[in-house]
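Quick note on my numbering: the sequence shown kicks off at 1 and runs consecutively. Don't be surprised by glycine CBs; every beta carbon is placed ideally from N, CA and C. Notes follow once the structure below has been shown.
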Amino acid sequence: MSVDDDPDPAPGFGARSGWSREQAERIERTPSNTAPVVYPPAADPAPDVHVWDTWFLRERDGSIAEVDGWRVIFSLTAPADCLPGKRHDVATIRYFYSRDGERWHAGGPVFEAGRALGSRQWAGSALYDDDGTVSLFYTAAGFRDEADLTYHQRIAVGAGGRIDADGDGLELVGPFDHEILLAADGDRYETEAQSRGMIYTFRDPWFYEDPATGETHLLFEANTPVPEGAAVADGDPARQAFNGSVGLATSPTGDPTDWVFEEPILDAVGVNQELERPHVVERDGRYHLFVSSHLHTFAPDLEGHDALYGFVADSLRGPYRPLNGSGLVLTNPANAPYQTYSWLAYEHAGELLVSSFFNYYDLGGLGIDDVGTLPGEEQLRRFGGTVAPTMRLRLDGDRTRLLGKLAHWHLPAGDDDLPPLLGDLVADGRLGGEGGEETATYEYSYP
Ligand code: FRU
Numbered sequence: 001m002s003v004d005d006d007p008d009p010a011p012g013f014g015a016r017s018g019w020s021r022e023q024a025e026r027i028e029r030t031p032s033n034t035a036p037v038v039y040p041p042a043a044d045p046a047p048d049v050h051v052w053d054t055w056f057l058r059e060r061d062g063s064i065a066e067v068d069g070w071r072v073i074f075s076l077t078a079p080a081d082c083l084p085g086k087r088h089d090v091a092t093i094r095y096f097y098s099r100d101g102e103r104w105h106a107g108g109p110v111f112e113a114g115r116a117l118g119s120r121q122w123a124g125s126a127l128y129d130d131d132g133t134v135s136l137f138y139t140a141a142g143f144r145d146e147a148d149l150t151y152h153q154r155i156a157v158g159a160g161g162r163i164d165a166d167g168d169g170l171e172l173v174g175p176f177d178h179e180i181l182l183a184a185d186g187d188r189y190e191t192e193a194q195s196r197g198m199i200y201t202f203r204d205p206w207f208y209e210d211p212a213t214g215e216t217h218l219l220f221e222a223n224t225p226v227p228e229g230a231a232v233a234d235g236d237p238a239r240q241a242f243n244g245s246v247g248l249a250t251s252p253t254g255d256p257t258d259w260v261f262e263e264p265i266l267d268a269v270g271v272n273q274e275l276e277r278p279h280v281v282e283r284d285g286r287y288h289l290f291v292s293s294h295l296h297t298f299a300p301d302l303e304g305h306d307a308l309y310g311f312v313a314d315s316l317r318g319p320y321r322p323l324n325g326s327g328l329v330l331t332n333p334a335n336a337p338y339q340t341y342s343w344l345a346y347e348h349a350g351e352l353l354v355s356s357f358f359n360y361y362d363l364g365g366l367g368i369d370d371v372g373t374l375p376g377e378e379q380l381r382r383f384g385g386t387v388a389p390t391m392r393l394r395l396d397g398d399r400t401r402l403l404g405k406l407a408h409w410h411l412p413a414g415d416d417d418l419p420p421l422l423g424d425l426v427a428d429g430r431l432g433g434e435g436g437e438e439t440a441t442y443e444y445s446y447p
């Protein structure tokens, strides 16, 4: 497909722009968007825990924070013997720190036991503010003392943390002041009670300061309320139940605990239920909005993949059109369709680096819903539960292209150089071959 064939921005239902069925129908694996098969890492810096959704400690302007030469990541974690499907019920945010983005030290749980909101904490983002305090935005899932686990979700912050760092290490120090920042309003953002029975979402706050306006925002994953009988998705209730959105809240003062809802910036009514972990990479005044989504959260008759999807606009509020015509940016290979998930794209050294976690692998023909039927040890054997290899992409206008990959847990930042690309080595004559080809067609299978 050429750039000229790109669809125009589509209208949203509750948002200014939408991800339309026509756009999503263009989703197709190609060598430019399909990762190679991922294998388990030789060594795991956190063998005692499963690690999944991961994010950096950042400054207000989005740059990755360096504190006394250390960078910090936060991850959702659960004990390594927890069945992978149960990990969401006991998720705990831990932190890791590194000098070089390759070797990571485990810092332990971020919050003191029993102080955070929710019965467990889901994904978020982390701000290292100008006054040296750390605000950790997170999803309060359930309620702190609930007897039976609920899937209620609210957006919360633990504010006022501090960092003690020196040449030997780094420690995140509390106490954190916990506060609910946002709960779904039922108007722009669906409440759990309004939900039509699909997986409900109101979560994954992502702090973002818009360089063009200086405004301070939170983006988050949500659902757009669709009244019964609405004239959207051909009026088909089965398709209308799929109503994922990317929500927006703005801080009138820049205070990271003070937020006012705005309209969602994108929704996918009739197309997809979950637009997960939204985040933005701004380059040259263009806003690249990324979300993760699953094969099984596409509406009936649409075929997507577990993948990173992206959209681009000239302003944060849109209108957005899909990258690559369809929105598909990076997915797993057809023979390992669930191997990684929960992608996070960031710019480094002129490339788009994409981290994710190593999810279910070596499933043979099994689908993700079949995993829970396997004996516990088989489920554990097939679950990566660690940071996946970082993928390297080129971002060029409305197009992205996979260039290569780095190791598991390799998260370059700051002045870190990137190793030469295989294609460049070939082109330079440092490796044999015809040269010029930067991507290969991946046809791997498990040994
Ligand atoms: C993505 C995700 C997030 C959520 C977390 C819960 O992997 O679904 O949206 O915060 O997992 O474990």
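| Item | Value |
| --- | --- |
| Tell me residue 332's beta-bridge partners as DSSP assigns them. | In the DSSP output, where bridge partners are listed per residue, residue 332 has none listed. |
| If you count every other CB in all the chains shown that lies within 10 Å of the CB of residue 244, and 16 or more means buried, which is it? | buried |
| Check the DSSP bridge columns for residue 79 and list the partner residues they point to. | 49 |
| From residue 285 to residue 365, what distance separates their C-alpha atoms? | 44 Å |
| Report buried or exposed for residue 151, applying the criterion of at least 16 other Cβ atoms within 10 angstroms of its Cβ. | exposed |
| Take residue 447 and list the residues in its own chain whose beta-carbon comes closer than 8 Å to its own, dropping the five residues that flank it on each side. | Any reading at residue 447 is ruled out, since the residue's pLDDT is 36, under 50, leaving its predicted position unreliable. |
| What's the gap between the Cα of residue 388 and the Cα of residue 425? | 24 Å |
| Work out the CA separation of residue 47 and residue 154 for me, nearest whole Å. | 30 Å |
| Where does residue 295 sit, in a helix, a strand or coil, going by DSSP? | helix |
| Which residue marks the beginning of the alpha helix (DSSP H) containing residue 379, and which one marks its end? | 376-381 |
| Could you tell me whether any non-hydrogen atom of ligand 1 is closer than 7 Å to the CB of residue 76? | yes |
| Does DSSP classify residue 26 as helix, strand or coil? | coil |
| Taking residue 367 as the reference, give the member of 88, 95, 421 and 336 with the closest Cα. | 336 |
| Could you tell me whether the Cβ atoms of residue 293 and residue 324 are closer together than 8 Å? | no |
| DSSP three-state label for residue 444, please. | Because the pLDDT at residue 444 is just 38, under 50, the model does not fix this residue reliably, and the point stays unresolved. |
| Answer yes or no: do residue 393 and residue 351 have a C-beta to C-beta separation smaller than 8 Å? | yes |
| For ligand 2, I want to know if residue 88 counts as a neighbour, meaning its beta carbon is within less than 7 Å of at least one of the ligand's heavy atoms. | With respect to ligand 2, the structure shown offers nothing to examine, as its ligands consist of ligand 1. |
| What are the start and end residues of each continuous beta strand (DSSP E) run of 3 or more residues lying completely inside the region 168-203, in chain order? | 169-173 and 177-182 |
| For residue 409 versus residue 104, is the C-beta distance shorter than 8 Å? | yes |
| Following the continuous alpha helix (DSSP H) through residue 240, name the residue where it begins and the one where it ends. | 237-240 |
| Does the structure place the region 128-147 close enough to the region 156-170 that three or more beta carbon pairs sit under 8 Å? | yes |
| Quick one: complete beta strand (DSSP E) runs, 3+ long, within the region 237-290? | 243-251, 260-269 and 276-283 |
| Using only the alpha-carbon positions, how far apart do residue 8 and residue 72 sit? | 39 Å |
| Based on Cα-Cα distance, which residue from 349, 122, 67 and 68 lies nearest to residue 94? | 122 |
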